[in-house]
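These notes are about the structure you will find just below.
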Amino acid sequence: MHLVVIKIGSALLVDQKSGKIRSEWLTSIAEDIAELKSIGKDVIIVSSGSIALGRKILGLKMSKKLVENQAAAAIGQIELAATFREKLRHHDIQVAQVLLTFSNTEDRGQYLNARGTIKRLLKLGVVPVINENDTVATDEVRFGDNDRLAARVATMCEADLLYLLSDIDGLYTADPNSNPNAEYIEQVNEITPEIEQMAGAPVSTGFGSGGMITKIAAASIATTGGCNMVIINGKLNNPIKDYNLNGRGTWFKASTTSLASKKKWIAGALSPVGTLVIDDGAERALKNGKSLLPAGVTKVIGKFVRGDTVKITGANNVEIARGLVAYSSEDAKKIIGAKSNEIEKILGYGGREELIHRSDMVMS
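Using this note's numbering, the letters of the sequence shown map in sequence onto residues 8 to 371.
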């Protein structure tokens, strides 16, 4: 497994009595991340806590007032990012702050931009620290909990595993705090109505919201998108190291691979909005698993924007493949037939080398 996402909730990150970050615990998380990086893993953090931290700094009591929470988030984000930077700096690991909204993962163009930025950060060895952009998100259009945000980030970036750190060591048939007969569930292969019923009702604490029900919702998003997920006890120091050594946690098995899931979505697009006509050399390259470069395209048909699904055909108009295009039709027309190293000179900006990357393409 190459890419992992770690979700950290407010209730674990922030001490409810003092309102401050649990420094020693976060130091242990940094150690876990450094260990993952040392064995070749890329790591993304999805962290809550900005509102709770901001309210403490501003001297505000916890409440559900949207404007107050948005103001607190603006203050708390700085504190949150600075703390992660401090903890990971001891391991010579750089961090970046990425704020996302619901629309960033729903709008295809914004989705591709967000994914491109995060993947570039990972390639540079940076650990992105992601949170919902509470300052601009509204109650009507927001994730509302970072469990589901973490799952969307995991599928967007084609992660292999999502660690959900919880105040409990996994899923039980009932609440183990109130039911002594509750049975621990080691693995879930499918999210069934029975599994959803075990999650109980939503929970809201002083510094967090969600409970097991949002974790099951996150598991559904992650596993259908090709990412495994595990719920583990996050209250311990070094919780990821503890899980990797002892294996105590509920594992939700991905129903497919992330790449297969995306390609199934591309193949199922009902009406590609444009067509790229390619030459024989490009057709042979595609059949050998290569990406589609501008040099092999002879004609652009239709009007589309970056991220749209388009058909790829030969001169005989027979569909060869379809995929998610990296340029608008206007820009694509300017660069067809050009070499990849000429794109920046032609367009005035440096975009992707490919018109369609092989991972964004499905052969017919």
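We put the CB at the ideal spot given by N, CA and C, even for glycine.
I'd like to confirm the pairing. Which residues does DSSP put opposite residue i in its beta bridges?
{"i": "Ile192", "result": "Leu178"}
{"i": "Leu331", "result": "Thr316"}
{"i": "Thr257", "result": "Ile238"}
{"i": "Thr282", "result": "Ile308, Lys318"}
{"i": "Ser35", "result": "Answer is none; Ser35 lacks a bridge partner."}
{"i": "Ser173", "result": "Asn240"}
{"i": "Met370", "result": "Ala328"}
{"i": "Val160", "result": "None; Val160 has no bridge partner."}
{"i": "Asn245", "result": "Asn245 is not bridged to any residue."}
{"i": "Ile13", "result": "Ile52, Tyr170"}
{"i": "Ile125", "result": "According to DSSP, which records beta bridges pairwise, Ile125 is partnered with nothing at all."}
{"i": "Ile137", "result": "Val53, Val105"}
{"i": "Ile363", "result": "Leu299"}
Rounded to the nearest angstrom, what separates residue i and residue j at their Cα positions?
{"i": "Val284", "j": "Leu169", "result": "39 angstroms"}
{"i": "Lys270", "j": "Asp367", "result": "7 angstroms"}
{"i": "Gln23", "j": "Leu60", "result": "10 angstroms"}
{"i": "Ala89", "j": "His98", "result": "15 angstroms"}
{"i": "Gly47", "j": "Val12", "result": "14 angstroms"}
{"i": "Arg155", "j": "Gly344", "result": "42 angstroms"}
{"i": "Asn324", "j": "Ile353", "result": "28 angstroms"}
{"i": "Gln104", "j": "Leu19", "result": "20 angstroms"}
{"i": "Ala37", "j": "Arg62", "result": "25 angstroms"}
{"i": "Gly256", "j": "Ala181", "result": "16 angstroms"}
{"i": "Glu326", "j": "Gly116", "result": "24 angstroms"}
{"i": "Glu361", "j": "Lys310", "result": "18 angstroms"}
{"i": "Ile82", "j": "Met236", "result": "31 angstroms"}
{"i": "Pro187", "j": "Leu65", "result": "42 angstroms"}
{"i": "Asp286", "j": "Val332", "result": "17 angstroms"}
{"i": "Asn196", "j": "Glu351", "result": "47 angstroms"}
{"i": "Ala206", "j": "Thr282", "result": "46 angstroms"}
{"i": "His9", "j": "Gly358", "result": "25 angstroms"}
{"i": "Thr3", "j": "Ile137", "result": "Past the edges of the chain, shown from 8 to 371, lies residue 3, and the structure says nothing about it."}
{"i": "Ile223", "j": "Leu243", "result": "22 angstroms"}
{"i": "Pro301", "j": "Val102", "result": "34 angstroms"}
{"i": "Glu261", "j": "Tyr179", "result": "Reading the sequence as shown, one finds Ala at residue 261 and not Glu. Taking the straight line joining both Cα atoms gives about 19 angstroms."}
{"i": "Gly303", "j": "Ala328", "result": "14 angstroms"}
{"i": "Ser335", "j": "Gly355", "result": "14 angstroms"}
{"i": "Lys71", "j": "Lys27", "result": "19 angstroms"}
{"i": "Ser132", "j": "Ser45", "result": "At residue 132 the sequence reads Gly, which differs from the Ser that was named. Between Gly132 and Ser45, the C-alpha separation is close to 11 angstroms."}
{"i": "Lys55", "j": "Gln84", "result": "In the sequence as displayed, the identity of residue 55 is Ser instead of Lys. Going from the Cα of Ser55 to the Cα of Gln84 covers about 9 angstroms."}
{"i": "Thr124", "j": "Ile192", "result": "37 angstroms"}
Do residue j and residue i count as a contact pair if the criterion is CB distance below 8 angstroms?
{"i": "Ala225", "j": "Met163", "result": "no"}
{"i": "Ile253", "j": "Ser173", "result": "Note that residue 253 is Asn in the sequence shown here, rather than Ile. Their beta carbons are not under 8 angstroms apart, which means Asn253 does not touch Ser173 by this criterion."}
{"i": "Lys94", "j": "Leu33", "result": "yes"}
{"i": "Ser278", "j": "Ile363", "result": "no"}
{"i": "Gly330", "j": "Val317", "result": "yes"}
{"i": "Ala267", "j": "Gly232", "result": "no"}
{"i": "Trp258", "j": "Gln204", "result": "no"}
{"i": "Val160", "j": "Ile40", "result": "no"}
{"i": "Ala52", "j": "Ile15", "result": "In the sequence as displayed, the identity of residue 52 is Ile instead of Ala. Cβ distance < 8 angstroms, so Ile52 and Ile15 count as in contact."}
{"i": "Ala79", "j": "Leu67", "result": "yes"}
{"i": "Asp141", "j": "Asn76", "result": "yes"}
{"i": "Leu119", "j": "Arg291", "result": "no"}
{"i": "Glu139", "j": "Leu107", "result": "yes"}
{"i": "Val307", "j": "Lys340", "result": "yes"}
{"i": "Ile228", "j": "Ala289", "result": "no"}
{"i": "Val280", "j": "Asp249", "result": "no"}
{"i": "Ile247", "j": "Gly177", "result": "no"}
Can you tell me which of the three DSSP states residue i falls into?
{"i": "Val143", "result": "coil"}
{"i": "Lys341", "result": "helix"}
{"i": "Glu203", "result": "helix"}
{"i": "Pro187", "result": "coil"}
{"i": "Lys297", "result": "coil"}
{"i": "Glu120", "result": "In the sequence under discussion, the amino acid at residue 120 is Asn, which differs from the Glu named in the question. Asn120 falls in the helix class under three-state DSSP."}
{"i": "Lys352", "result": "helix"}
{"i": "Ile28", "result": "strand"}
Please indicate yes or no: does the CB of residue i lie closer than 7 angstroms to some heavy atom of the ligand FMN?
{"i": "Val317", "result": "The ligand FMN is not among the ligands present in this structure, which contains no ligands whatsoever."}
Could you check where the alpha helix (DSSP H) with residue i kicks off and where it finishes?
{"i": "Ala88", "result": "73-96"}
{"i": "Thr231", "result": "219-231"}
For residue i, would you say it is in contact with chain B, using Cβ-to-Cβ distances shorter than 8 angstroms as the test?
{"i": "Ile46", "result": "Absent here is chain B; the protein component of the structure consists of one chain."}
Just curious, the beta strand (DSSP E) that residue i is in, first and last residue?
{"i": "Val50", "result": "49-54"}
{"i": "Val105", "result": "102-107"}
{"i": "Lys294", "result": "Not the beta strand (DSSP E): Lys294 falls in the alpha helix (DSSP H), residues 287-294."}
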